[in-house]
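Protein chains: 2
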Amino acid sequence: MAPAMSAKVVSLPVKEPSLSPILSLTATAMNAVNAIILDRMQSEIPLIPALAGHLIAGGGKRMRPMLTLAGAELVGYQGTRHHKLAAAVEFIHTATLLHDDVVDGSETRRGKETANIVFGNPATVLVGDFLFARAFELMVEDGSLKVLKILSHASAVIAQGEVDQLTAQRRIETSEERYLHIIGAKTAALFAAASRISAVVAECSEEEERALDDYGRNLGIAFQLVDDAIDYDTGTEDMGKDRGDDFREGKMTLPVILAYARGDADERRFWQDAVAGFRVEDEDLAHATDLIRRHGAVEATRERARHFAERACDALSIFPDGSARRAMVDAARFAVSRGY
Amino acid sequence: MAPAMSAKVVSLPVKEPSLSPILSLTATAMNAVNAIILDRMQSEIPLIPALAGHLIAGGGKRMRPMLTLAGAELVGYQGTRHHKLAAAVEFIHTATLLHDDVVDGSETRRGKETANIVFGNPATVLVGDFLFARAFELMVEDGSLKVLKILSHASAVIAQGEVDQLTAQRRIETSEERYLHIIGAKTAALFAAASRISAVVAECSEEEERALDDYGRNLGIAFQLVDDAIDYDTGTEDMGKDRGDDFREGKMTLPVILAYARGDADERRFWQDAVAGFRVEDEDLAHATDLIRRHGAVEATRERARHFAERACDALSIFPDGSARRAMVDAARFAVSRGY
Chain A
52 MAPAMSAKVV SLPVKEPSLS PILSLTATAM NAVNAIILDR MQSEIPLIPA LAGHLIAGGG
112 KRMRPMLTLA GAELVGYQGT RHHKLAAAVE FIHTATLLHD DVVDGSETRR GKETANIVFG
172 NPATVLVGDF LFARAFELMV EDGSLKVLKI LSHASAVIAQ GEVDQLTAQR RIETSEERYL
232 HIIGAKTAAL FAAASRISAV VAECSEEEER ALDDYGRNLG IAFQLVDDAI DYDTGTEDMG
292 KDRGDDFREG KMTLPVILAY ARGDADERRF WQDAVAGFRV EDEDLAHATD LIRRHGAVEA
352 TRERARHFAE RACDALSIFP DGSARRAMVD AARFAVSRGY
Chain B
52 MAPAMSAKVV SLPVKEPSLS PILSLTATAM NAVNAIILDR MQSEIPLIPA LAGHLIAGGG
112 KRMRPMLTLA GAELVGYQGT RHHKLAAAVE FIHTATLLHD DVVDGSETRR GKETANIVFG
172 NPATVLVGDF LFARAFELMV EDGSLKVLKI LSHASAVIAQ GEVDQLTAQR RIETSEERYL
232 HIIGAKTAAL FAAASRISAV VAECSEEEER ALDDYGRNLG IAFQLVDDAI DYDTGTEDMG
292 KDRGDDFREG KMTLPVILAY ARGDADERRF WQDAVAGFRV EDEDLAHATD LIRRHGAVEA
352 TRERARHFAE RACDALSIFP DGSARRAMVD AARFAVSRGY
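Top line first, the protein sequences correspond to chains A and B. Each residue of the first sequence is one higher than the last, beginning at 52 in this note's numbering. Each residue of the second sequence is one higher than the last, beginning at 52 in this note's numbering.
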């Protein structure tokens, strides 16, 4: 009998999740999408491309159109219809960003002054409307009623989610369930739709459509959770987000909801005052951040995000393993590791 | 030879143009449209129907959906598809009104406080977005890509017209041509589309489609001209419009453009200051109104409106005479007589 082999422990390098695979996977198609975006944001009114370009050229990650492109790779779609639709998705997203910044009175985004600061609220609202209309024109050119249905419904859900968030603002009683419902609408609905339409153009089965929808939706929730965690995460590098904005606006994001739920009576009083808008100084933000840290609320929020990211990855299990699926899994895991 | 007959002069009563015929023509269908509007502005977020209802229930004239309904009567359409589409048209219009009031900072509309005053700018922007998305959902349910194309394009044109108007604001050099281009986009594009889609659902010829488009477009221009005339017309009853708003906002409407063009050097200096925003007192408005009156600029604006209204009426000449056509002609003539 041969002697028992002694197990040789090979220390494999831990693979950090990365966006690189999905960026490579979609790079060529993204060039086509960017060309459509640049072409279709033009107008005889010079203020329109100036304002739209301020945001569109401002270094966005193009996450949502990337989902459409990656989905098309995953299902082996050979055509180019998804380029126009990915541009439409980005236009819808850009329109909502423009309106969000007006609604929140935001002053910076991605480290730059917001369009509402540079061009004023009126032009920002109207150029948002233009991009939204242009998105529908692009979809109509493509001609799929199914895609139009998915994206018009997503647009209505997004607007409802934004109004719902407004209603919940400065309301300390907002629950985690309510919060998840809001981000499911305002953020995840477009992720889901962007991902799903790749299956529609490729004429996949209903099951594949649903799987891509599930991937996008769960990824969108994870993405928003991490975004909201970063706003209170002092340990993280600057992500171009204006830290403390959520706090000053009295937004009930999960770190606050959890810190409030886990806090004692004194802390709860602090949160009630802060969310109501009576504690907006830097020292209040510092205290809030400290409470959130002490109760592990950022880590818990990230843990929730990991849960949804894993659901996103598992939703892809009906598709054969391959470079596209691995890239999408990696992207989901990267989304929750952002800022570490 | 018989003696020459003496002509007997019969004094026919001069028939005042009236909205009554078109209201009767479309009354039953409008009930169906109103039911759809009420049903489809609902949402699980209570703020949405509250805010939308504030404006929608606020006594609007439903001019645009009325054009869709009247057009359907004109071409003898027997179905009900146009009900949903007329509701979509009204939703697009309502969305633009909500955003307009935010953009202009308007405080009253139709004699009531605006939604932005009652509910704030953020909710008003977002509910506008919701209604816009809902309009597209209604169109998708109908399923005509041709209608979707017409109304998505009109929506993009409207937004461009609004931005163009913003660009022209406080610019004394704005010409009548530029002004006509702006109102052709911001107002007449939706009138044209609303009218045209009745021919699309009825599967009319391209010629009939174009005729209805021409009717709506010219009527829309006439309508906006009269609206802008009323803003400076002291001889008119209050139309629920906030007289003087255009003046204080430095909007270059035709009465101002004509008074400036016809004014002497002193008057032109006044207009330059006023449009630039340095003359915003009640006495300045009174002086402006007086200059406009002295130069016959309101009457000239109304005369331009009559011209476009007649073009609207003549566009219908390809359709057989009948109660629908007469009602639409009457409506166009009524539009320019408003406020007399």
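Positions of the beta carbon are idealized from the N, C-alpha and C atoms, including for glycine. Since this is a predicted model, take the numbers as computed values, not measurements.
*Based on Cα-Cα distance, which residue from A:ASP297, A:ASP193 and A:ALA375 lies nearest to A:ARG330?*
Nearest C-alpha to A:ARG330 among A:ASP297, A:ASP193 and A:ALA375: A:ASP297.
_Cβ-based neighbour list, B:ALA174, same chain, cut-off 7 Å, excluding 5 preceding and 5 following_ = Here the set comprises LEU98 and LEU102.
*So, using beta-carbon positions, are B:ARG355 and B:LEU270 closer together than 8 Å?*
No; because the gap between Cβ atoms is not below 8 Å, this pair is not in contact.
*Pull up the CB-CB distance for A:ALA378 and A:PRO72, whole angstroms please, since I reckon it's below 8 Å.*
Correct: roughly 4 Å between the Cβ atoms.
*Candidates A:LEU125, A:ASP381, A:HIS105 and A:MET190: which alpha carbon is nearest A:GLY171's?*
Residue A:HIS105 is the option with its Cα nearest to A:GLY171.
*Under the DSSP definition of a beta bridge, which residues are partnered with A:LEU330?*
The identity of residue 330 of chain A in the sequence shown is Arg, whereas the question assumes Leu. Answer by DSSP bridge pairing: none, since A:ARG330 is not bridged.
*How about A:GLN211: is its C-beta nearer than 8 Å to some C-beta of chain B?*
Chain B, which has a Cβ nearer than 8 Å to the Cβ of A:GLN211, makes this yes.
*Indicate whether B:ALA46 and B:PHE359 have their beta-carbon atoms separated by less than 8 Å.*
The shown model of chain B, from 52 to 391, leaves out residue 46 of chain B, and the question about it has no answer.
*Mind checking which residues open and close the alpha helix (DSSP H) that includes A:HIS232?*
Start and end: 227–234.
*Could you tell me which of B:ARG132, B:GLY390, B:PHE385 and B:ALA78 sits nearest to B:ALA253, measuring between CA atoms?*
Of the candidates B:ARG132, B:GLY390, B:PHE385 and B:ALA78, B:ARG132 places its Cα closest to the Cα of B:ALA253.
*Measuring only between beta-carbons, confirm whether B:ALA103 sits less than 8 Å from chain A.*
B:ALA103 is outside the set of residues whose beta carbon lies under 8 Å from a beta carbon in chain A.
*C-alpha distance - A:VAL326 paired with B:PRO116, whole-angstrom precision*: Here the alpha carbons of B:PRO116 and A:VAL326 stand approximately 44 Å from one another.
*Below 8 Å between beta carbons: does that hold for A:LEU305 and A:GLU192?*
No; because the gap between Cβ atoms is not below 8 Å, this pair is not in contact.
*Closer than 8 Å, CB to CB, is A:SER180 near chain B or not?*
Just to set this straight, residue 180 of chain A is Asp in the shown sequence, not Ser. Any Cβ of chain B closer than 8 Å to the Cβ of A:ASP180 would place that residue at the interface, and such an atom is present.
*For B:SER434, the nearest candidate out of B:SER94, B:HIS150, B:LEU125 and B:THR165 (CA to CA)*: Since the first residue shown for chain B is 52 and the last is 391, residue 434 of chain B is missing from the structure and cannot be characterised.
*Assign B:ASP215 to buried or exposed, taking buried as 16 or more other Cβ atoms, counted over all protein chains shown, within 10 Å of its Cβ.*
Its Cβ being crowded by 16 or more others within 10 Å, B:ASP215 is buried.
_CA-to-CA distance, A:LEU182 to A:PHE142, given in whole angstroms_ = Looking at the two C-alpha atoms, the distance is approximately 5 Å.
*By Cβ distance, which residues of its chain are closer than 7 Å to A:ALA219, with the 5 residues on each side in sequence left out?*
Closer than 7 Å at the Cβ level, and outside the excluded window around A:ALA219, lie THR225, ARG229, ILE233 and MET303.
*For A:GLU228 and chain B, any beta-carbon pair shorter than 8 Å?*
For A:GLU228, the closest Cβ of chain B is not nearer than 8 Å.
*asked:* I'd like to know if A:VAL176 contacts chain B, where contact means its C-beta is closer than 8 Å to some C-beta of that chain.
replied: Judged by the 8 Å Cβ criterion, A:VAL176 is in contact with chain B.
*Quick one, are the C-beta atoms of B:SER195 and B:VAL154 less than 8 Å apart?*
Contact: no.
*Kindly say whether A:SER206, judged by its beta-carbon, lies nearer than 8 Å to any beta-carbon of chain B.*
A:SER206 has a beta carbon lying within less than 8 Å of a beta carbon in chain B.
_Within 8 Å of any Cβ in chain A, is that where the Cβ of B:PHE187 sits?_
For B:PHE187, the answer is yes, since a Cβ of chain A falls inside 8 Å of its Cβ.
*Where does the unbroken alpha helix (DSSP H) through B:THR304 begin, and where does it stop?*
Looking at the DSSP string, B:THR304 is not in any alpha helix (DSSP H), and its letter there is neither H nor E.
*What are the start and end residues of each continuous alpha helix (DSSP H) run of 4 or more residues lying completely inside the stretch 177–247 of chain B, in chain order?*
Inside the stretch 177–247 of chain B, DSSP marks whole alpha helix (DSSP H) runs of 4 or more residues at positions 196–219 and 227–234, from first to last along the chain.
*Should A:ASN82 go down as buried or exposed, given a rule of 16 or more other Cβ atoms within 10 Å for buried?*
Only exposed fits A:ASN82, as fewer than 16 other CB atoms lie within 10 angstroms of its CB.
*Residues that B:ILE87 contacts on chain A, provided the C-beta gap is smaller than 7 Å*: Result: empty, since nearest Cβ-Cβ is about 15 Å, beyond 7 Å.
*How would you label B:ALA53, buried or exposed, when you count the other beta carbons within 10 angstroms and need 16 or more for buried?*
Its pLDDT being 48, under 50, B:ALA53 is placed unreliably in this model, and the coordinates cannot settle the point.
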